[in-house]
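Novice: Taken in order, these protein sequences are the chains called G and S.
For the first sequence, this note's numbering gives the first residue as 6, with consecutive numbering after it.
For the second sequence, this note's numbering gives the first residue as 33, with consecutive numbering after it.
C-beta: ideal position from N, C-alpha, C; glycine also.
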Amino acid sequence: GQNIDQPTEMTATEDAIVQINCTYQTSGFNGLFWYQQHAGEAPTFLSYNVLDGLEEKGRFSSFLSRSKGYSYLLLKELQMKDSASYLCAVRDNSGNTPLVFGKGTRLSVIA
Amino acid sequence: EADIYQTPRYLVIGTGKKITLECSQTMGHDKMYWYQQDPGMELHLIHYSYGVNSTEKGDLSSESTVSRIRTEHFPLTLESARPSHTSQYLCATAGNRGTDTQYFGPGTRLTVL
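1) Of the residues that make up the stretch 45–66 of chain G, which ones have a beta carbon closer than 8 Å to any beta carbon in chain S?
2) In chain S, which residues lie less than 7 Å from residue 104 of chain G when you measure between Cβ atoms?
3) Which one of S:142, S:122, S:113 has the shortest CA to CA distance from residue 76 of chain S?
4) Ordered along the chain, which non-local residues of its own chain (more than five positions away) have a Cβ less than 7 Å from that of residue 20 of chain G?
5) Do residue 77 of chain S and the ligand COA come close, with the Cβ less than 8 Å from some heavy atom?
6) Within the same chain, show all residues whose beta-carbon is closer than 7 Å to that of residue 57 of chain G, passing over the 5 residues directly before and after it, in chain order.
7) Within the stretch 70–98 of chain G, note down every full beta strand (DSSP E) run reaching 3 residues or more, in order along the chain.
8) In this structure, what does DSSP give as the bridge partners for residue 126 of chain S?
9) Might you give, ordered along the chain, the residues of its own chain that have their beta carbon closer than 6 Å to the beta carbon of residue 52 of chain S, omitting 5 neighbours on each side?
10) Tell me whether residue 61 of chain S is buried or exposed, calling it buried when 16 or more other Cβ atoms sit within 10 Å of its Cβ.
11) In this structure, does DSSP put residue 117 of chain S in helix, strand or coil?
12) Against residue 38 of chain G, what residues of chain S qualify as contacts under a CB-to-CB distance less than 9 Å, listed in chain order?
13) Rounded to whole angstroms, what is the Cα-Cα separation between residue 70 of chain S and residue 118 of chain S?
14) Using C-beta distances below 6 Å, list every residue in its chain close to residue 22 of chain G, excluding the 5 sequence neighbours before and after it, in chain order.
15) So which of S:80, S:37, S:64, S:101 has the shortest CA-CA distance to residue 93 of chain S?
16) Just checking: is the beta-carbon of residue 112 of chain G within a distance shorter than 9 Å of some beta-carbon in chain S?
17) For residue 57 of chain S, decide whether its Cβ has a neighbour in chain G, counting only Cβ atoms nearer than 9 Å.
18) Under 7 Å Cβ to Cβ from residue 113 of chain G, same chain only, skipping five residues before and after it: list those, please.
19) By alpha-carbon positions, which one of G:91, G:67, G:10 ends up nearest to residue 41 of chain G?
20) In whole angstroms, what separates the C-alpha of residue 85 of chain S from that of residue 101 of chain S?
21) If you run the structure through DSSP and keep just helix, strand and coil, what is residue 10 of chain G?
22) Residue 109 of chain G touches chain S at which residues, Cβ-Cβ below 7 Å?
23) Contact check, residue 47 of chain G vs residue 136 of chain S under 8 Å by CB: the rounded distance?
24) What are the partner residues of residue 143 of chain S, as DSSP defines its beta bridges?
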């Protein structure tokens, strides 16, 4: 079966650092994606990991451990505009299969 | 990123009407997808396509149909709209390589009265 787990909700304060975890169990693995989705809008692509390690992109970083079936998205210097849902998605096999999405983590950034 | 267009952006329609939601893209991507998403809830895959004349059913496909006659277009049709179809419908595309990123269009917000 395919299963992706991430926390439902998180709250953090401005300028803080927050880590959103994602664990997955899929029949295969061909890449992990993180998306940001503001309320009422479409998801936008944040990051992609296919090899173990950390990928940094500005204030956002994403980490992958394939042996543990684990990833996290790290957001630094939080801003109010970072309040959104963050979706973890896995491509579980060949590139032709649709992404398997988690249910998303709703992050609230407070002053 | 892909240029993905969805029309209409908002639609309010009565029960029983037939509707077609349009999705078009200009990047020549082979793979296209339709998702349904209620506010604050998870994405549900409705249909997808690997290329022209290819269509596959997702988890939530039984009340809708799609076609892929041209690479650029992937319309979604509801034969008889019901209030339970009220939702946001998101179209997405992915490039032609195996690990290409999936990008989303702006969505169509449908309300069935």
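Specialist: Result, derived from the coordinates:
1) 45, 46, 47, 48, 49, 50, 53, 55
2) Mapped onto the first sequence, residue 104 of chain G falls at position 99. Per Cβ cutoff of 7 Å: 134.
3) Here the question's residue 76 of chain S lines up with position 44 in the second sequence. Ranking S:142, S:122, S:113 by Cα distance to residue 76 of chain S puts S:122 first.
4) As a position in the first sequence, residue 20 of chain G is number 15, starting the count at 1. Closer than 7 Å at Cβ, skipping near neighbours: 82, 83.
5) For the ligand COA, the structure offers nothing, since it holds no ligand at all.
6) Start at 1 with the first residue of the first sequence, and residue 57 of chain G comes out as number 52. Around residue 57 of chain G: 69, 70, 71.
7) 75–80, 89–95
8) Translated into positions along the second sequence, residue 126 of chain S becomes position 94. According to DSSP, residue 126 of chain S bridges with S:63, S:134.
9) Along the second sequence, one-based indexing puts residue 52 of chain S at 20. Same-chain partners within the cutoff: 107, 109.
10) If you number the second sequence from 1, residue 61 of chain S lands on position 29. Under this definition residue 61 of chain S is a buried residue.
11) Stepping through the second sequence from its first residue, residue 117 of chain S is reached at position 85. Three-state DSSP puts residue 117 of chain S in a helix.
12) Translated into positions along the first sequence, residue 38 of chain G becomes position 33. Ordered by position in chain S, the residues that pass the 9 Å Cβ test against residue 38 of chain G are 133, 134.
13) Stepping through the second sequence from its first residue, residue 70 of chain S is reached at position 38. Stepping through the second sequence from its first residue, residue 118 of chain S is reached at position 86. Whole-angstrom Cα-Cα distance: 8 Å.
14) Walking along the first sequence from the start, residue 22 of chain G turns up at place 17. Cβ within range, chain order: 81.
15) As a working note, residue 93 of chain S is residue 61 in the second sequence. For residue 93 of chain S, the nearest C-alpha among the options comes from S:80.
16) One-based indexing of the first sequence puts residue 112 of chain G at position 107. No, residue 112 of chain G does not count as interfacial toward chain S.
17) Taking the second sequence and counting its residues from 1, the one referred to as residue 57 of chain S is at position 25. Output row for residue 57 of chain S: interface = no.
18) Counted from its first residue, the first sequence places residue 113 of chain G at position 108. Once the five neighbours on either side are set aside, the close Cβ partners of residue 113 of chain G are 16, 88.
19) Within the first sequence, the letter at position 36 stands for residue 41 of chain G. The option with the nearest alpha carbon to residue 41 of chain G is G:91.
20) Translated into the one-based positions of the second sequence, residue 85 of chain S becomes position 53. Translated into the one-based positions of the second sequence, residue 101 of chain S becomes position 69. Computed Cα separation, rounded: 6 Å.
21) Position 5 of the first sequence, counted from the start, is the residue given in the question as residue 10 of chain G. Strand, per DSSP.
22) In the first sequence, the residue the question calls residue 109 of chain G occupies position 104. Ordered by position in chain S, the residues that pass the 7 Å Cβ test against residue 109 of chain G are 74.
23) Counting from 1 along the first sequence, the entry for residue 47 of chain G is found at position 42. Counting from 1 along the second sequence, the entry for residue 136 of chain S is found at position 104. Correct: roughly 4 Å between the Cβ atoms.
24) As a working mapping, residue 143 of chain S is identified with position 111 in the second sequence. In the DSSP output, where bridge partners are listed per residue, residue 143 of chain S has S:44.
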